[in-house]
Structures are given as C-alpha cells and as structure tokens.
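Report on the following structure.
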Ligand code: BGC
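Residue numbers (the numbering used here): 24 to 466.
Here it is as structure tokens:
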C-alpha cells in the first residue's frame, strides 16, 4: 500500500452532458435535436428515451447540493444547442439561456467552478437536415452559437470546452450509424465529419478569444492508446491506422494543425487550402476522456480494415470495456513526451456496472470504487512524474441516458431511480468525496 497525492489547486468533480441528464425536451422553447429523432425512430436499444432522463432541468439545485456535499470544486456540463437556437441558427431562445444562467449562478454560489462544454452531441435537427457535420457550412453556425452563449455567460464562466469527443460523433454518428443521426457513410463520412468539427472548433475558439479576455479555452477529446493484438505486421499497421483516425485527427488538428500523414491521401478531397491553419489553435487546457485502451487487429470488411482484437484483460465493465488503468498512466506520459506537456485535465473517467439497491437502501458498488481508485492512482503517478494534469472529473455525477443503450447502463456515482427520480449516492460517491477531502488515494 502506498499513499498517492495530487498537485495543489487540483480540480475535482464530475462531468455530465445536457442530453443525458436534463430531460424537459419540450420545455421553454427548446427545438428538436438529432437524438430526439433517432429515439423516435426506435433506435434506442432498451426502448427508453431522454424525454425525462434525470429531470436535471428542474432538479438542478438538488444536483448542485450533491456536488457540494462531495466537496467538488469543479463541474463540467454541456449547453444544449437546441435550447439556445431551436432552429440551429437565427432566432435566439432567451429561456434557454436563462436556464444556464441559473445553473451557473447556483454553481458559483456553491463554490463550484463551472466548466461549460458547447457541444455534447445534441445537434439541432434543422442543422442536420442541412447536412449536419457533413457540411462545411456548419463551422459558421457553430461559431455563431458559441458567440451567443459566451456573450451571456462569459462574465461568470471562465472555462470553455468546444466539443466533446469529435471522434465518436464522426465514427458512430456518420460512419457506422450506431449513434444519431444514424448515417452509414463509411470511411469518407467519418473523416469528413471529423474535419468539419475541427473547422467548427477552430472558428469558435477564434471568436471567443477575440471577443472575451481572460477565458480558459479548450476542447475535450477521448484518447485511447491503440495497441495491436499481437506483433504481426498487419495488426501493427491496423492499430497505427486506427490511432490516426481515432486519436490524431482531432488531437493533431487542434494542437499542430496537421492532418495525420497516414490519412493525407484519404482526406485530400475534404481538406481545402488554409484548413490546417484554421483548425490549429493554442488552447489553454485540453480535456482528456479516458475509458480504456483499444486493442486492434487487421480485418477486412470494417472501416479502415481494422477490428477489435483480444484485449488480454481480466476485468471488464458492464459496457464490455476492459479495465486498464495503466493505459491512463501510459497515455498521460506519452502525451507529455509527444506534445510538450500542455495543461490537461481528465474530463471523463468512469464505468458502468449493474448496480442494485440493497436492503439497507444503499448502493454498494465495489467494482466502481476499485475502478476509480485504480485510475486516480494512475493520474497521481503521472502527475508525480511531471505530467501537467490539473484535475479529475469522473463520469458521471448521475446515472443517465447512455445514448443508444438508453437508461440501461448506469455510470453514476449517484443512482437515479427513473420512476421516482430519487437520487441515492453510491459507495463510489462517498469514496470520491473522501479522496477529495484528504487529497490522497491509497493503494
Ligand atoms: C461520452 C459520454 C458517455 C460516456 C460513456 C463518453 O464517450 O462523452 O457522453 O456517456 O463516454 O459511454
């Protein structure tokens, strides 16, 4: 047993996303988004919807109180684009802005630093109808939206994250169709959606920098070290290809203004002169989401001829994702080595398990406690070795709408009873609160 400590002024808290927790999809002038349409088309595996979800739209004071009791000093939430601009662009819905105004004031009153994320997947349906992330024109719409939100909140919100996980939006939403808007456009569709998100992000970052002083600007990317299943050359090459698609288009786009050389030919028809400069931006803070490594192998018939290999792992979450805390340590160290150690924070890390309420009325979730402990140790070790990691926000505060899995997967450190909407803090909530209180983790 060793005791691991964290750097001073460390950010502690959780992340959430508007569509996954707010509910109230018809309230106060909100417009439809691609996930409403996807749900109505019967694409959610358990047949559930996010129409109510955690009803955070009405219960946010209770949720802030939960954060405060756990000792959080930071919270990343997302702004719902369809609440602000119900048609995607044009007329602004003041009631949508008012909601985030109240939320931000509530967070500040509780001593919690609000970290706003502008896009966590709830694309207004009218923008999708105009081509969504396949259309270059969306860059201008996103920058306009960013400007409108910041004009209202930037006097109090200092931390602004542009996108959440552009790789998932591109691969699942436009490549394989597993997520909204459900297109199966294959490799080219994925790369186009990735590049257009990079362009939108660059435009929004420039707009916010020009219009407001003193903001911390960044974005959130989920980085997954890609390893080959074994050392066969075709598998090593497949892992490198997938690393380029999954990690490097987004990361090298913003940090280096570079299209990964492995994809240059495939992206030649998508990238226009001047784009590399337009997507590069000296961000102040990068949010890293980490869940696991990816173990890949060569297999034809899948995009980029890459498919999942054997992860050689003996611990798995209810998502069937391997539990690999050393992957987070490796990732932070490799990132420091390769990118010159810019400031980062863990913007998401957590696990779904099949929790149950026991006869004592509590939720004992030892697997999640172990997951959090092991990943916190990985972060503390990386920080002790000089990695510039500024905070840890778990995923997630509440059980919530897990996209295509609906309400069936529980990631929260607080259980939500979807019938009564009662919140029950789990053992993992108490564990995290204790780590925050003591500033150390044992293990
Ligand atoms: C996303 C979250 C999601 C979580 C678990 C991340 O990919 O940002 O919205 O719920 O992982 O799948």
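Note that the Cβ used here is the ideal one computed from N, Cα and C, for glycine as well.
Report all residues from its chain with a CB closer than 8 Å to the CB of residue i; omit the five preceding and five following residues, and keep chain order.
{"i": "residue 214", "result": "193, 268, 272, 286, 289, 290, 293"}
{"i": "residue 466", "result": "24, 25, 27, 396, 397, 400"}
{"i": "residue 8", "result": "Because the chain spans 24 through 466 in this model, residue 8 falls outside it and cannot be assessed."}
{"i": "residue 41", "result": "100, 101, 102, 103, 106, 143, 145"}
Have a look at the options and flag the residue whose alpha-carbon is nearest the alpha-carbon of residue i.
{"i": "residue 170", "options": "233, 276, 200, 158", "result": "233"}
{"i": "residue 460", "options": "329, 46, 33", "result": "33"}
{"i": "residue 423", "options": "196, 321, 316, 75", "result": "75"}
{"i": "residue 245", "options": "200, 370, 208, 308", "result": "370"}
{"i": "residue 97", "options": "105, 66, 417", "result": "417"}
{"i": "residue 155", "options": "141, 57, 249, 51", "result": "57"}
{"i": "residue 236", "options": "264, 181, 255, 243", "result": "181"}
{"i": "residue 438", "options": "51, 49, 89", "result": "89"}
{"i": "residue 189", "options": "183, 217, 336, 129", "result": "217"}
{"i": "residue 350", "options": "372, 279, 212", "result": "372"}
{"i": "residue 229", "options": "115, 412, 329, 184", "result": "184"}
{"i": "residue 227", "options": "168, 386, 64, 116", "result": "168"}
{"i": "residue 141", "options": "187, 331, 378", "result": "187"}
{"i": "residue 322", "options": "315, 316, 333", "result": "333"}
{"i": "residue 336", "options": "344, 330, 73", "result": "344"}
{"i": "residue 15", "options": "316, 386, 252, 204", "result": "No information on residue 15 is available, as it lies outside the stretch 24 to 466 that the chain covers here."}
{"i": "residue 501", "options": "296, 173, 301, 208", "result": "Since the first residue of the chain shown is 24 and the last is 466, residue 501 is not available in this structure."}
{"i": "residue 338", "options": "375, 355, 357", "result": "375"}
Does any heavy atom of the ligand BGC sit closer than 8 Å to the C-beta of residue i?
{"i": "residue 434", "result": "yes"}
{"i": "residue 294", "result": "no"}
{"i": "residue 364", "result": "no"}
{"i": "residue 375", "result": "yes"}
{"i": "residue 423", "result": "yes"}
{"i": "residue 390", "result": "no"}
{"i": "residue 197", "result": "no"}
{"i": "residue 341", "result": "no"}
{"i": "residue 45", "result": "no"}
{"i": "residue 79", "result": "no"}
{"i": "residue 164", "result": "no"}
{"i": "residue 58", "result": "no"}
{"i": "residue 188", "result": "yes"}
{"i": "residue 8", "result": "In this structure the chain extends from 24 to 466, so residue 8 is not present and cannot be described."}
{"i": "residue 201", "result": "no"}
{"i": "residue 143", "result": "yes"}
Just confirm the distance between the C-beta atoms of residue i and residue j, as a whole number of angstroms; I'd bet it's less than 8 Å.
{"i": "residue 432", "j": "residue 342", "result": "6 Å"}
{"i": "residue 124", "j": "residue 175", "result": "7 Å"}
{"i": "residue 2", "j": "residue 307", "result": "Outside the modelled stretch of the chain, which goes from 24 to 466, sits residue 2, for which no answer is possible."}
{"i": "residue 421", "j": "residue 39", "result": "7 Å"}
{"i": "residue 262", "j": "residue 250", "result": "6 Å"}
{"i": "residue 352", "j": "residue 406", "result": "Rounded, the Cβ-Cβ distance is 10 Å, inconsistent with contact."}
{"i": "residue 225", "j": "residue 302", "result": "5 Å"}
{"i": "residue 3", "j": "residue 365", "result": "Residue 3 cannot be examined here, being either before or after the span of the chain that is shown, 24 to 466."}
Could you give the distance in angstroms between the alpha-carbon of residue i and the alpha-carbon of residue j?
{"i": "residue 259", "j": "residue 445", "result": "48 Å"}
{"i": "residue 270", "j": "residue 435", "result": "26 Å"}
{"i": "residue 111", "j": "residue 138", "result": "22 Å"}
{"i": "residue 368", "j": "residue 393", "result": "21 Å"}
{"i": "residue 101", "j": "residue 127", "result": "11 Å"}
{"i": "residue 219", "j": "residue 163", "result": "10 Å"}
{"i": "residue 94", "j": "residue 453", "result": "10 Å"}
{"i": "residue 179", "j": "residue 197", "result": "35 Å"}
{"i": "residue 403", "j": "residue 29", "result": "6 Å"}
{"i": "residue 311", "j": "residue 166", "result": "22 Å"}
{"i": "residue 257", "j": "residue 248", "result": "18 Å"}
{"i": "residue 157", "j": "residue 448", "result": "41 Å"}
{"i": "residue 298", "j": "residue 362", "result": "21 Å"}
{"i": "residue 77", "j": "residue 347", "result": "29 Å"}
{"i": "residue 383", "j": "residue 80", "result": "30 Å"}
{"i": "residue 325", "j": "residue 210", "result": "9 Å"}
{"i": "residue 48", "j": "residue 117", "result": "16 Å"}
{"i": "residue 108", "j": "residue 152", "result": "15 Å"}
{"i": "residue 55", "j": "residue 195", "result": "20 Å"}
{"i": "residue 84", "j": "residue 43", "result": "17 Å"}
Give every residue of the same chain whose Cβ lies closer than 6 Å to the Cβ of residue i, excluding the five residues on either side of it in the sequence, and list them in chain order.
{"i": "residue 71", "result": "429, 430"}
{"i": "residue 359", "result": "410"}
{"i": "residue 441", "result": "430"}
{"i": "residue 133", "result": "87, 91"}
Sorted by chain position, which residues of the same chain lie with C-beta nearer than 7 Å to residue i's C-beta, five sequence neighbours on each side aside?
{"i": "residue 462", "result": "28, 29"}
{"i": "residue 473", "result": "This structure gives no information on residue 473, because the portion of the chain shown stretches from 24 to 466."}
{"i": "residue 266", "result": "249"}
Please tell me whether, using a cut-off of 8 Å, the distance from the CB of residue i to the nearest non-hydrogen atom of the ligand SAH is below it.
{"i": "residue 314", "result": "Of the ligands this structure carries, namely the ligand BGC, none is the ligand SAH."}
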